[in-house]
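Q: Take 1 as the starting number for the sequence shown in the working numbering and just add one per residue.
From the three backbone atoms N, C-alpha and C, an ideal C-beta is built for every residue, glycine too.
Next up is a structure, given as structure tokens.
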Amino acid sequence: MNYKVNFQKAKRNYMVLTFDDVEDGKQIEKTILVGMPKKKIFDMLMDLQDTIKLNGEPEDEKEKSQRNRQIIDEVYELVSVILSNNMAGEKITVDWVSEQMEFGEMKEFLAMYVRFCKGEAAAPN
Numbered sequence: 001m002n003y004k005v006n007f008q009k010a011k012r013n014y015m016v017l018t019f020d021d022v023e024d025g026k027q028i029e030k031t032i033l034v035g036m037p038k039k040k041i042f043d044m045l046m047d048l049q050d051t052i053k054l055n056g057e058p059e060d061e062k063e064k065s066q067r068n069r070q071i072i073d074e075v076y077e078l079v080s081v082i083l084s085n086n087m088a089g090e091k092i093t094v095d096w097v098s099e100q101m102e103f104g105e106m107k108e109f110l111a112m113y114v115r116f117c118k119g120e121a122a123a124p125n
């Protein structure tokens, strides 16, 4: 017995994000359709969680500053990878994210992204 599964025709849901951007010197509205996470994104989320929950408090201000810088860098990288998981296959760089989004906006985006993922997991059809 043969079974045929064509993943090209599978229904996929996307989170639609809209940004103001500049292309060729002109102000444009950029839309990015972000898909459900892949393994790399889950791994990065777990790594970020581990970094945030490192055992013990930093011993001095320098160590605290280094940990905060590491968390910030990991958040920017995570958002870049999530946005790069888009329908157009466009690579979104950390530099682009840093120009487009403030840290608070990234925090809000990550909260919405988690809700999007949980909603899809709760109702996969």
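Under the assumption that Lys30 contacts Phe19 (Cβ atoms under 8 Å), give the Cβ distance between them as a whole number of angstroms.
A: Between Phe19 and Lys30 the Cβ distance is about 5 Å, and since that is below 8 Å, they are a contact.
Q: In chain order, what residues of the same chain have a beta carbon less than 7 Å from the beta carbon of Arg209, not counting five sequence neighbours either side?
A: The structure shown has nothing for residue 209, since the chain only spans 1 to 125.
Q: If Met106 sits next to Val81, beta carbons under 8 Å apart, how far is it from one beta carbon to the other, in whole angstroms?
A: Contact doesn't hold; Cβ gap of about 12 Å is too wide.
Q: What distance in whole Å lies between the Cβ atoms of Asn86 and Asn45, which are believed to be in contact at a cut-off of 8 Å?
A: Note that residue 45 is Leu in the sequence shown here, rather than Asn. Contact flag wrong, Cβ pair sits at about 18 Å.
Q: Take Cys117 and list the residues in its own chain whose beta-carbon comes closer than 8 Å to its own, dropping the five residues that flank it on each side.
A: Cβ within range, chain order: Met36 and Pro37.
Q: Cα-Cα, which of Phe42, Phe103 and Leu83 is closest to Arg69?
A: Here the closest residue by C-alpha is Phe103.
Q: Give me the Cα-Cα distance between Val97 and Asp60, rounded to the nearest whole angstrom.
A: Spanning the two alpha carbons is a distance of roughly 30 Å.
Q: Taking C-alpha atoms, which residue in Glu77, Lys91 and Asp95 lies nearest to Phe42?
A: Checking every option, the nearest Cα to that of Phe42 belongs to Glu77.
Q: Since Phe19 is in the beta strand (DSSP E), which residue starts that stretch and which ends it?
A: Note, Phe19: beta strand (DSSP E), Met15 to Glu23.
Q: The beta strand (DSSP E) spanning Ile92 covers which residue range?
A: Unbroken run through Ile92: none, as it is neither H nor E.
Q: Apart from the five residues just before and just after Ile92, which ones in its own chain have a Cβ nearer than 6 Å to its Cβ?
A: Counting only Cβ-Cβ distances below 6 Å, and skipping sequence neighbours, we find Ser80, Leu83 and Ser84.
Q: Grouping DSSP H, G and I as helix and E and B as strand, with all else coil, what is Val114?
A: DSSP places Val114 in helix when its eight states are reduced to three.
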